[in-house]
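Numbers in my numbering are just positions in the sequence shown, counted from 1, shifted up by 69. For reference, the structure discussed in these notes is given below.
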Amino acid sequence: METFKHFTKIVDVSKPLPPSWIRVSATWPEQHEESGAGLLSAGPLGRLRDTLVREIEGAQETVLIASFLFSDEALCTALLAASKRGVRVYMLTASEARLQSRDDEAFSKQMVQEHKQLLNRLAGKVSLRSAGLFHAKFLVVDHQSNARGWLSTANLNPALLDARELGIQLDQTTAEVVAAWFCRAFWCHAEHELTSEKSRLSRVGKAPKVPDLPHSERVRVTTPGHTSIAERLLAWIRGSKRSITLASYGIELDHAVTQALIERARAGVEVKVLTRPRPAVLDAALALRQAGALVYAHDKLHAKAIVCDHGAMIMTANIAKEGLDDGFELGVELVAPQREALTERLAQWTGEFPWRFESQAQRSECIGEICLATMGLRDGKRQVVEERTVRLPDVTANDALDLDATPPPKFTPSTEPDELPARFRYEWRVLAPRLPNKAKKLEHSPTGAGTPKRKSPVAAAHDPQAYELRGQRFVVIEHERSVAAARRLANELGAKVVLA
Numbered sequence: 070m071e072t073f074k075h076f077t078k079i080v081d082v083s084k085p086l087p088p089s090w091i092r093v094s095a096t097w098p099e100q101h102e103e104s105g106a107g108l109l110s111a112g113p114l115g116r117l118r119d120t121l122v123r124e125i126e127g128a129q130e131t132v133l134i135a136s137f138l139f140s141d142e143a144l145c146t147a148l149l150a151a152s153k154r155g156v157r158v159y160m161l162t163a164s165e166a167r168l169q170s171r172d173d174e175a176f177s178k179q180m181v182q183e184h185k186q187l188l189n190r191l192a193g194k195v196s197l198r199s200a201g202l203f204h205a206k207f208l209v210v211d212h213q214s215n216a217r218g219w220l221s222t223a224n225l226n227p228a229l230l231d232a233r234e235l236g237i238q239l240d241q242t243t244a245e246v247v248a249a250w251f252c253r254a255f256w257c258h259a260e261h262e263l264t265s266e267k268s269r270l271s272r273v274g275k276a277p278k279v280p281d282l283p284h285s286e287r288v289r290v291t292t293p294g295h296t297s298i299a300e301r302l303l304a305w306i307r308g309s310k311r312s313i314t315l316a317s318y319g320i321e322l323d324h325a326v327t328q329a330l331i332e333r334a335r336a337g338v339e340v341k342v343l344t345r346p347r348p349a350v351l352d353a354a355l356a357l358r359q360a361g362a363l364v365y366a367h368d369k370l371h372a373k374a375i376v377c378d379h380g381a382m383i384m385t386a387n388i389a390k391e392g393l394d395d396g397f398e399l400g401v402e403l404v405a406p407q408r409e410a411l412t413e414r415l416a417q418w419t420g421e422f423p424w425r426f427e428s429q430a431q432r433s434e435c436i437g438e439i440c441l442a443t444m445g446l447r448d449g450k451r452q453v454v455e456e457r458t459v460r461l462p463d464v465t466a467n468d469a470l471d472l473d474a475t476p477p478p479k480f481t482p483s484t485e486p487d488e489l490p491a492r493f494r495y496e497w498r499v500l501a502p503r504l505p506n507k508a509k510k511l512e513h514s515p516t517g518a519g520t521p522k523r524k525s526p527v528a529a530a531h532d533p534q535a536y537e538l539r540g541q542r543f544v545v546i547e548h549e550r551s552v553a554a555a556r557r558l559a560n561e562l563g564a565k566v567v568l569a
């Protein structure tokens, strides 16, 4: 006789995943740092960093350098050597107050400390000014005679080696315009100046002369009173009818540029956005994806660039108020060969970036690692698995001859904090009922007539045996041969069939 029977039920999870970053490939550092046409990427080989060092080493008269954060040892050594050989070195960087006030995973307190330490080494050797609005990153050398340089999306710190960043070479005319914007920021917008004493800052006095306002069709800026980066982005995006690919570390939903991207995606334009998987970009990523845009991310993306129907630009500004409306930022529109190189680079990134954003993906379509978009990479990683087995408590049947008719137990999904199953496999056993310990044997008259009575001298036992406890009758089955007889007797007595 069956003493128990195994049962299984598969239940698919129909509820979609919450907004998540779906892992589509492994996370790799940059594998191709050189693209041609003066376009470089940051990476472990240090092509961009080494190029900047060589530019400083080749400077004859001046070095103009700007970076929100600065802590690269090789660049610091090159600047000190340039100063020692008589080159005038000027630097713009973010104010200490702004660095201390930021809560941003892009840099840590250690980075800020390293920034301060290297600036102390430069004290008295370079002319350094700071302000809360400085965020641009670039280098121009010999700006008055043979200007040349680079615009970088990377801070001049470890990001030059480990982040996804871009650098674009500046021709002489563009370098001269960038240098002019540097001079205007240096004289008109700086707040403090580093003195020859370490960590000692003094207020910047009034400029003896306000530099002329630069003019260029290729150099776009954000400064107090100028928002030409945002203006160019809006014009390009609103006029695009085929495709737009935009990379940005920060993307604010309510900014006009983001809204323009959403509108173009809804209109059927192919919109691709590259960013970093952070809670700060969730609202924008959600709206973009729901509008039809594709959103990809890399753990270390910090580059800002756009390629669309009407042009291409590399810039230092995020798609945010602080960057496109406020601050000191630079963007350079690319000429045809550079545009082709950037188009190829962004397409390559799109194909190899490890994360794809989905607003409500089905679990069965996302087996593997995901990152909950509300939490970020540090705390939000989860595994979507095809199936999780849940072993439910045993259930006792009402009748030993009908285990299949037993109602299943309640299907309660188990929870694991780091695992999300696409379906649950519930397993349980149905046990055949057993004769209660205190049940009393039922007997009947030898003729079989009348109602069964309690044991008496003239009574005989049932075959199979029958018992009773508190008004409930039981027929005991001991072997397969007695199944039919047990069923007939149980029906006669209104009893349940049990095992001994």
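Ideal Cβ positions, reconstructed from N, Cα and C, are used throughout, including at glycine. Bear in mind the structure is a predicted one, so any value in this text is a computation, not a measurement.
- Counting the other Cβ atoms within 10 Å of the Cβ of residue 479 gives fewer than 16, which makes it exposed.
- With a cutoff of 8 Å on beta-carbon distance, residue 144 and residue 122 are scored as near each other.
- Distance from the CA atom of residue 452 to the CA atom of residue 112, rounded to whole angstroms, is 29 Å.
- By a beta-carbon distance limit of 8 Å, residue 344 does not contact residue 206. Their separation comes to about 19 Å.
- Residue pairing of residue 291 in beta bridges, as defined by DSSP: 296, 398.
- Boundaries around residue 152 are those of the alpha helix (DSSP H), 142-153, since no beta strand (DSSP E) includes it.
- Residue 339: not part of any alpha helix (DSSP H); member of the beta strand (DSSP E) spanning 339-344, first to last residue.
- For residue 335, the enclosing alpha helix (DSSP H) stretches over residues 325-335.
- Fully enclosed alpha helix (DSSP H) runs of no fewer than 4 residues occupy 116-126, 142-153 of the segment 72-157, in order along the chain.
- By the criterion of a C-beta distance shorter than 7 Å, residue 438 is surrounded in its chain by 92, 450, 452, once the five residues flanking it on both sides are discounted.
- In the structure shown, residue 455 adopts coil according to DSSP, grouped into three states.
- Residues 262, 264 of the same chain have their beta carbon placed closer than 6 Å to that of residue 271, with the five preceding and five following residues left out of the count.
- Selection 200, 223, 97, 194 evaluated against residue 208 yields 223 as nearest (Cα-Cα).
- In the structure shown, the three-state DSSP call for residue 204 is coil.
- The straight-line gap separating the alpha-carbon atoms of residue 210 and residue 243 is approximately 12 Å.
- Shown here, residue 463 sits in coil according to DSSP, grouped into three states, outside any helix or strand.
- Note on geometry: alpha-carbon atoms of residue 245 and residue 239 lie some 9 Å from one another.
- CA-to-CA, the gap between residue 491 and residue 87 works out to about 13 Å.
- Where residue 407 is concerned, there is no enclosing beta strand (DSSP E), although the alpha helix (DSSP H) around it starts and stops at 405-421.
- Three or more Cβ pairs closer than 8 Å define a contact, and the segment 454-462 meets that threshold against the segment 494-501.
- In this structure, residue 494 and residue 542 do not form a Cβ contact; the two beta carbons are roughly 38 Å apart against a cut-off of 8 Å.
- Residue burial annotation: residue 204 is buried, with at least 16 other C-beta atoms found within 10 angstroms of its C-beta.
- In this structure, the beta-carbon distance from residue 292 to residue 254 falls below 8 Å.
- Inter-residue distance for residue 550 and residue 483 is about 42 Å (C-alpha atoms, whole angstroms).
- The beta-carbon distance between residue 537 and residue 508, rounded to whole angstroms, is 6 Å. This is short enough to meet the 8 Å contact definition.
- Take residue 559, set aside five residues on each side of it, and the residues of its chain with a beta-carbon closer than 6 Å to its own are 544, 566, in chain order.
- Here the segment 73-87 makes contact with the segment 416-433; the two share three or more CB pairs at distances below 8 Å.
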